[in-house]
Structure formats: C-alpha cells, structure tokens
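**Student:** Have a look at this one before I ask anything.
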Amino acid sequence: VFNSPQIQKIYLKYQNDSYIKTSETFFIEAEALAIISTDKQAKGFKEFNFGMLKPQSNEIQMYLYGFAEGKLTWDEINFYKANLYPSLVSPKNDAFPSAEFKDYVSKQQKYLDLNANKNDLFKQVQLIRKWLKGMAFGYNSVSGQKMTDDDFYYLNSAIDAESLDEKLFGFTTRIKDRTHCTGLVKVATNFSDIYTSQTTWTNWNGSFNRIIKSVNLKLQLPLTKTQSIHFSSYPGMMYSVDDFYTLKNTDYINLTSKLVVIETTFSNFNNTMASQQHPESVFTWMRCFIANSNSFDGESWVANFKQEISLTYNNNYLIVDYGRFNCTDLASCKALKKVLTTLEMADLQTTKSWDATQTLFEKLYYESINSPFHADVAKFYNYTDDPYFNHNESARLCTIKKYSDGQSLKTYTDFMLFMRSNDFLNDSAEKSVNCTHGDPREGISSRYDLCDYSEQLGQHQKRCITYHGEVRNSSSFGATDSKTINKTELEAGQFQFAFGPTRGWDDRLPKIDLIKLGMGTSGLVDTELPKTTAYFPTFNLFCLNKDDMCDKCKDGYNYIEGLCMEEFTGIIVALSVPLGIFAIGLLVWTYFFFKKSFKYQQVK
Numbered sequence: 001v002f003n004s005p006q007i008q009k010i011y012l013k014y015q016n017d018s019y020i021k022t023s024e025t026f027f028i029e030a031e032a033l034a035i036i037s038t039d040k041q042a043k044g045f046k047e048f049n050f051g052m053l054k055p056q057s058n059e060i061q062m063y064l065y066g067f068a069e070g071k072l073t074w075d076e077i078n079f080y081k082a083n084l085y086p087s088l089v090s091p092k093n094d095a096f097p098s099a100e101f102k103d104y105v106s107k108q109q110k111y112l113d114l115n116a117n118k119n120d121l122f123k124q125v126q127l128i129r130k131w132l133k134g135m136a137f138g139y140n141s142v143s144g145q146k147m148t149d150d151d152f153y154y155l156n157s158a159i160d161a162e163s164l165d166e167k168l169f170g171f172t173t174r175i176k177d178r179t180h181c182t183g184l185v186k187v188a189t190n191f192s193d194i195y196t197s198q199t200t201w202t203n204w205n206g207s208f209n210r211i212i213k214s215v216n217l218k219l220q221l222p223l224t225k226t227q228s229i230h231f232s233s234y235p236g237m238m239y240s241v242d243d244f245y246t247l248k249n250t251d252y253i254n255l256t257s258k259l260v261v262i263e264t265t266f267s268n269f270n271n272t273m274a275s276q277q278h279p280e281s282v283f284t285w286m287r288c289f290i291a292n293s294n295s296f297d298g299e300s301w302v303a304n305f306k307q308e309i310s311l312t313y314n315n316n317y318l319i320v321d322y323g324r325f326n327c328t329d330l331a332s333c334k335a336l337k338k339v340l341t342t343l344e345m346a347d348l349q350t351t352k353s354w355d356a357t358q359t360l361f362e363k364l365y366y367e368s369i370n371s372p373f374h375a376d377v378a379k380f381y382n383y384t385d386d387p388y389f390n391h392n393e394s395a396r397l398c399t400i401k402k403y404s405d406g407q408s409l410k411t412y413t414d415f416m417l418f419m420r421s422n423d424f425l426n427d428s429a430e431k432s433v434n435c436t437h438g439d440p441r442e443g444i445s446s447r448y449d450l451c452d453y454s455e456q457l458g459q460h461q462k463r464c465i466t467y468h469g470e471v472r473n474s475s476s477f478g479a480t481d482s483k484t485i486n487k488t489e490l491e492a493g494q495f496q497f498a499f500g501p502t503r504g505w506d507d508r509l510p511k512i513d514l515i516k517l518g519m520g521t522s523g524l525v526d527t528e529l530p531k532t533t534a535y536f537p538t539f540n541l542f543c544l545n546k547d548d549m550c551d552k553c554k555d556g557y558n559y560i561e562g563l564c565m566e567e568f569t570g571i572i573v574a575l576s577v578p579l580g581i582f583a584i585g586l587l588v589w590t591y592f593f594f595k596k597s598f599k600y601q602q603v604k
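Numbering of the sequence shown is given in UniProt numbering, commencing with residue 1 and proceeding in unit increments.
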C-alpha cells in the first residue's frame, strides 16, 4: 500500500508559518508524513492520511496537519465548494457565507480570542485555529483560487449555519421531514462481536465529493498523549459531518482506547430555540474534534463535547467502547458497563447522556434514527405524535425490529447489506409487518427521489404522503453512503465504506443521474450513481506496521511498514558520517599516542 503508484506522499518539516520544507522522499529532519490516494476511478472517493513522525509542539503539529491537507486536497476542496455552496442559498440568503453569518462568526471569534487561555477547551480551540491557518497556507501554495483561514472556518461551519437560519433570517430553509441518517449498533448472535454502522442521509449537492481521512498526532492534551482518528469526511473539513469516527487514543499510562462514534441529527420544531442561540459558544464541528482527540472513553467524550454548547447541528451520538466488550454469552454481556454511551444534545439543561449498555444487550441492538429516545429531549424539540418523527412509532425502528427479532441479521455481511436496504417496493399493506407503507423515504437507506416512482415505464405513483395527508414530491435527497465496522476491523485500522445511493436489497431501485437532477458534478468520477453496490475497505495506513524492529507502539501507534525501514536507513546513513569521522580521529589519536609512548620508552 505504502509504495503504490496510486498514492502521493510528502514528508514535511516545519521552519516557520511561512515556510514548510517538503519532499516526496524521506529526509532525516522530516517531522510528518502525509499521503493521499490519487486514483478514485474504482471507488469514487479518495483517502488522506497524516501522521507525525517526531514529537513537536501542539501548535506546530496542527499547522503541519492543516498545511498537508490543504496542499494535497486543494483540487477536491474546489470541487466540493462548487457543488455545495449553491445548495446553501435561499431567498433571504443569496450567497454563502452570508453577511449575517459572517457577522455571527466574527462575534464568535472575538469570544474565542477573549477566552483563549481560560481553560483546556479554549486552548484546544486555538489549536484548531492553527489548523485553519495551516490549511489556508497549504491550499494557497498550490491552488489558483485563494482562501483565508476565515474561509475555511466558514466552510467547516456550513452545517452549523443551517441551524441559524431562523435566528439570522427569520425562517428555516431545512425541510422538517428531511431527516439525516440512520445509525445502528448490533450484537452478534454468538456475542463474539459488535457491529456498528452509520448510513448518511443528506442533500445530494456536494455529498459525493468524499475523502476518507486518518489523522495520527502526538498532541499533549489533558487526557491523551497520542491521537489516531479515522473517519469519513469531505474536502477541507476537519470533522466527519456524517458522523463516523474510530478513535485509538493513548493516555498517560500507555493504554489505548478503542472507540467508534456515530451520530444522527435531530429535527427542530421548537420556535423558541433561536432565542437561545448566541455566538458566545463553540460550534459543533470544533467540539467534535476536541472530544475525539481528548477522550479515552464514552464518559470523557460526552464531558468534552457538552462544553460551550452552540445549539447548532444538534445530534444523537452513540459511542461504542470496544475495549470494554469482553463477554462470551448473554449473562456475562449484561454484567458489562459503559460499552455503549448515548448523548442526546439539546440546551445545557435538557441535554441527556447515559450508559445504554443494558438496553443494547437486552434488545441486542441499539438504534439512532433522528428522533430522541429521552422524553425531555423530545419535548425540547417539540416532537409531535407524527409517526415519522416519533421514536417508537417510526418506520425504521419497525424495520430494525422486524429483521433483528426475526434473526435475519446473523452475520456481519447481513448487517452490511441491511444498512444499505430500502424495501419499499416489497413492503406493501398486505404484508404482516408493514413498516415503510411503500414510502421510499422510510427505508434504512432513504430515497426521497423516488416519491413519484413506478416500475412501470411512463407511470407515476404518489408514495410520499405525510401523517397529515400532505403529498411530498420527489427531491434530490437521501442516503449517500454507509460505513460499517466490527471488532476485527477496528483492531486492523480499517472500516467498510459503500459509496452512493442504495439500490435496495435486490438492485431493483434505479441509479440516480446527477445531471438530470440538476446536481453539481464537479470532481465526480461518475454522474450516475452508485457505480457499484460493493463495500470497500478503507485504511488508516499508520496502523499497518508489523515490523517488530520498528514497532512504535510505545509512542502510541505504529508507523507504516516500509516507512520505518526508510527512517531506520536514514538514521544509519545520517549517523555514519559523524561516526566515521570519530573513528578516523580515534585512529589518528591512537597512532600518535603510541608513537609518543614508544619514543618515551626509548629515552628511558
């Protein structure tokens, strides 16, 4: 993998904020390595890896990380912006970022400056801002277009900005019944494993410009001293957005975490929430990175994330701790604690988190389906009795129960296929368990574009009818991908990624044509998706080393096989010169010493 012709790699050495030494070949002073796959023809997406090779200050590490990503992904960033930004405009917001949002961010940045050294959270925010500066410098070093660190701040805040429409413009642009994502944690039938997955649902503009990222740092943080974060993401983004993360962080007694974090998004029907939003806060995307990098378990992740709540991009997070999963049967599994932690975000008073391990092993699954489980959180968002939004009445929970209770999800492969399923064509009212009511929005992987779909050519069928009898027309919205992982894959530093909209269990559902739908296609390999229904393994390359001589586990994580030998060879070459000079000097000294001693003996 490391020496594949389909990757580009650069070694980096920090000199100052205006000069980073880079080389495509290893040099002894190199402090970091960045790798990106250069061929996305087969999979449709790229993979970006960054890792520190040597200790450095936290600030320099973050600057190098940002610089490397900006330099290696500049073209993908341009493609992503070209596809995404047109979808973020509205009648009262004719450009992104709007003047109103820029003003909100300016006030937020003043708040961050004022509190820069207040506590650990704000200090880590300053590290993120160092990453933004590095991104801008790396991007501008190769791109014809120019971006400032503020521009990257706006880009990363785009999803947070959606939640501010009502506050800034007096209305929301989000359609309430376009919910975002399906998450599921499933216990294997023999209790040997836990399967975790997240299927992304979102607007299709910009959603297919994907990069899988892994970041391997040596930040000296309050709870962790090395960080290994592997996640699905988009160009220029610090966080996943989806969200799907694997976290293998090392603490100060050299224990390594084994966490998987997923989320799904809550809809908001609370008309008073806008009055509670204020710029004196920290956006969700920043708090995600802080929680991911400075956490060792579900409890610490929640504690980090709940600080400085912004009430934007409000989600349900599930944190699976594979390091605590060590049971062999139902009885021993039920005795475990903190294997699964759930966090349901609202305001500071209403936000709820708890240990959901017992529920997981009682049901043998735990779902996240855009609807709060906790009654107080549901009340905060003013969720109605509409089954589309009611957690216990939702079509997806019905489907999960149907297949889990019926023992249809026996293997990891079954689970992977299930997370890509949408069986609305087969799920008619005549069936004994009718979950989707023939509505393509209601599948595990939704297809909002098929609201008028009929398999009979030239015919149309109204399928998307709300609880109140309103007919929804087709729209360019729905599932874009699925990520799955099990215990073995987490240990190996990989997860599975299926790219593109679903075609259902049996490939009966049609592909989408982005050009016909009027979607942006900049940078996409294919405009008819999905190209394939297969899952692809994605790798954190910095976890692949198996060479005992170069094992760097004591530093928190392994390095790439091959790199270690390059580094070792470089060290030997570098040391050979001074050692050779020393050896010659020693020989010369020895010669004159014994010569002088011999003369002395003669005189005596």
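All C-beta atoms in this analysis are idealised placements derived from N, C-alpha and C, irrespective of residue type, glycine included.
Below 8 Å, how does it come out for the region 367 to 380 and the region 393 to 412: are there three or more Cβ pairs, yes or no?
**Tutor:** The region 367 to 380, when compared against the region 393 to 412, does touch it at the 8 Å Cβ threshold.
**Student:** Would you mind stating whether I194 and Y111 have Cβ atoms separated by less than 8 Å?
**Tutor:** As a position in the sequence shown, residue 194 is number 194, starting the count at 1. As a position in the sequence shown, residue 111 is number 111, starting the count at 1. It is not a contact, given that the beta carbons lie outside the stated cut-off.
**Student:** Considering only the alpha carbon of each residue, which of S257, F45, E442 and I400 lies closest to S300?
**Tutor:** Here residue 300 corresponds to residue number 300 of the sequence shown, with the count starting at 1. Cα-wise, what sits closest to S300 is S257.
**Student:** What did DSSP end up calling C327 once you bin it into helix, strand or coil?
**Tutor:** Along the sequence shown, one-based indexing puts residue 327 at 327. Coil.
**Student:** Could you have a look at M238 and say whether DSSP puts it in helix, strand or coil?
**Tutor:** What you label residue 238 is simply residue 238 of the sequence shown in a count that begins at 1. The answer is coil: DSSP assigns M238 none of H, G, I, E or B.
**Student:** Please report the straight-line C-alpha distance between T73 and I212, rounded to a whole angstrom.
**Tutor:** The residue labelled residue 73 in the question sits at position 73 within the sequence shown. The residue labelled residue 212 in the question sits at position 212 within the sequence shown. Cα-Cα distance, rounded: 12 Å.
**Student:** Could you name the residues of the same chain whose beta carbon sits closer than 6 Å to that of S143, not counting the 5 residues immediately before and after it, in chain order?
**Tutor:** Counting from 1 along the sequence shown, the entry for residue 143 is found at position 143. Contacts found: W74.
**Student:** Look at the alpha carbon of W505 and the alpha carbon of S23, and state the distance between them as a whole number of angstroms.
**Tutor:** As a working note, residue 505 is residue 505 in the sequence shown. As a working note, residue 23 is residue 23 in the sequence shown. For W505 and S23, the distance between alpha carbons rounds to 47 Å.
**Student:** Would I444 and T284 be called neighbours here (beta carbons separated by less than 8 Å)?
**Tutor:** The residue you call residue 444 lines up with position 444 of the sequence shown. The residue you call residue 284 lines up with position 284 of the sequence shown. No, Cβ-Cβ distance for I444 and T284 is not below 8 Å.
**Student:** Please state the DSSP three-state secondary structure of Q15.
**Tutor:** The residue labelled residue 15 in the question sits at position 15 within the sequence shown. It is a strand residue.
**Student:** With DSSP as the reference, label C333 as helix, strand or coil.
**Tutor:** Reading the sequence shown from its first residue, position 333 is the one you call residue 333. If DSSP states are grouped into helix, strand and coil, C333 belongs with the helices.
**Student:** What span of residues does the beta strand (DSSP E) with K483 cover, start to end?
**Tutor:** Position 483 of the sequence shown, counted from the first residue, corresponds to residue 483. K483 -> beta strand (DSSP E) spans F477 to I485.
**Student:** For L417, tell me which candidate among E31, S197, C327 and F244 has the shortest Cα-Cα distance.
**Tutor:** Along the sequence shown, one-based indexing puts residue 417 at 417. Nearest of E31, S197, C327 and F244 to L417, Cα basis: S197.
**Student:** Pull up the distance between the alpha-carbon of F477 and that of M237, whole angstroms please.
**Tutor:** For the purposes of this step, residue 477 is identified with residue 477 of the sequence shown, where counting begins at 1. For the purposes of this step, residue 237 is identified with residue 237 of the sequence shown, where counting begins at 1. Whole-angstrom Cα-Cα distance: 21 Å.
**Student:** Check Q61 in the structure and name its three-state DSSP category.
**Tutor:** Working through the sequence shown from its first residue, we reach residue 61 at position 61. Reduced to three states, the DSSP call for Q61 is helix.
**Student:** Would you please state the rounded distance, in angstroms, between the beta carbons of F191 and D329? I believe it to be under 8 Å.
**Tutor:** Here residue 191 is taken as the residue at index 191 of the sequence shown, counted from 1. Here residue 329 is taken as the residue at index 329 of the sequence shown, counted from 1. With a Cβ gap of about 6 Å, F191 and D329 count as contacting.
**Student:** N209 and F122 look like a contact to me (Cβ under 8 Å); what is the Cβ gap, rounded to whole Å?
**Tutor:** The residue labelled residue 209 in the question sits at position 209 within the sequence shown. The residue labelled residue 122 in the question sits at position 122 within the sequence shown. About 32 Å; that fails the 8 Å criterion.
**Student:** Please classify G170: does DSSP put it in a helix, a strand, or coil?
**Tutor:** For this step, residue 170 is matched to residue 170 along the sequence shown. Here G170 sits in coil by DSSP.
**Student:** Spatial neighbours of N216 within its chain, please: CB distance less than 6 Å, with the 5 preceding and 5 following residues excluded, ordered by chain position.
**Tutor:** Reading the sequence shown from its first residue, position 216 is the one you call residue 216. Within the same chain, N216 has close Cβ partners G51, S228, F542 and Y557.
**Student:** Going along the chain, which unbroken runs of the alpha helix (DSSP H) with 4 or more residues stay wholly within the region 51 to 131?
**Tutor:** As far as the region 51 to 131 is concerned, its whole alpha helix (DSSP H) runs of at least 4 residues are 58 to 72, 74 to 84 and 99 to 114.
**Student:** I need the boundaries of the alpha helix (DSSP H) containing W301, first residue and last residue.
**Tutor:** Here residue 301 corresponds to residue number 301 of the sequence shown, with the count starting at 1. From DSSP, the alpha helix (DSSP H) with W301 extends over G298 to F305.
**Student:** Could you please give me the residues that DSSP links to H537 through a beta bridge?
**Tutor:** In the sequence shown, counting from the first residue as 1, residue 537 sits at position 537. Note on identity: in this sequence residue 537 is Pro, with His being the wrong assignment. Q496.
**Student:** How many whole angstroms separate the CB atoms of Y19 and L64, which I take to be in contact at a CB cut-off of 8 Å?
**Tutor:** The residue you call residue 19 lines up with position 19 of the sequence shown. The residue you call residue 64 lines up with position 64 of the sequence shown. Contact flag wrong, Cβ pair sits at about 12 Å.
**Student:** Within a Cβ cutoff of 6 Å, which residues of the same chain sit near S295, ignoring the five residues on either side of it in sequence?
**Tutor:** Reading the sequence shown from its first residue, position 295 is the one you call residue 295. Here the set comprises W301 and N304.
**Student:** Is it buried or exposed for L255, if we count other Cβ within 10 angstroms and need 16 for buried?
**Tutor:** One-based indexing of the sequence shown puts residue 255 at position 255. Exposed: under 16 other Cβ atoms inside 10 Å.
**Student:** Could you give the uninterrupted runs of the beta strand (DSSP E) lying entirely in the region 138 to 219, keeping only those of 3 residues or more?
**Tutor:** Within the region 138 to 219, the complete beta strand (DSSP E) runs of at least 3 residues are 182 to 187, 194 to 203 and 211 to 217.
**Student:** For E47, count the other beta carbons within 10 Å of its own beta carbon; 16 or more makes it buried, fewer makes it exposed. Which is it?
**Tutor:** Along the sequence shown, one-based indexing puts residue 47 at 47. It counts as buried.
**Student:** Keeping to the same chain, check which residues put their C-beta closer than 6 Å to that of I262; ignore five residues upstream and five downstream.
**Tutor:** The residue given as residue 262 occupies position 262 in the sequence shown. G183, Q198, F244 and L318, listed in sequence order.
**Student:** How long is the line joining the alpha carbons of K516 and R463, rounded to whole angstroms?
**Tutor:** The count along the sequence shown starts at 1 and reaches residue 516 at position 516. The count along the sequence shown starts at 1 and reaches residue 463 at position 463. If you take the alpha carbons of K516 and R463, they lie about 21 Å apart.
**Student:** Quick one: give me the first and last residue of the beta strand (DSSP E) that T341 is part of.
**Tutor:** Locating residue 341 in the sequence shown gives position 341, where the first residue counts as 1. Run containing T341: L340 to E344, per the beta strand (DSSP E) assignment.
**Student:** DSSP state of E470, grouped into three classes?
**Tutor:** The residue you call residue 470 lines up with position 470 of the sequence shown. Three-state result, E470: coil.
**Student:** Is it a yes or a no for the region 267 to 279 touching the region 522 to 530, going by three-plus beta-carbon pairs under 8 Å?
**Tutor:** No: the two stretches stay apart, fewer than three of their Cβ pairs being nearer than 8 Å.
**Student:** How many angstroms separate the CA atom of N117 from the CA atom of D160?
**Tutor:** For this step, residue 117 is matched to residue 117 along the sequence shown. For this step, residue 160 is matched to residue 160 along the sequence shown. Each residue's alpha carbon lies about 24 Å from the other.
**Student:** Thinking C-alpha only, which one of S371, T351, T357 and N249 is nearest K334?
**Tutor:** Taking the first residue of the sequence shown as 1, we reach residue 334 at position 334. Per the Cα distances, T357.
**Student:** For F266 and S310, what's the separation of their Cα atoms in angstroms?
**Tutor:** Mapped onto the sequence shown, residue 266 falls at position 266. Mapped onto the sequence shown, residue 310 falls at position 310. Looking at the two C-alpha atoms, the distance is approximately 14 Å.
**Student:** Using the Cα positions of I7 and N140, report the straight-line distance between them to the nearest angstrom.
**Tutor:** One-based indexing of the sequence shown puts residue 7 at position 7. One-based indexing of the sequence shown puts residue 140 at position 140. Going by the C-alpha atoms only, they are around 22 Å apart.
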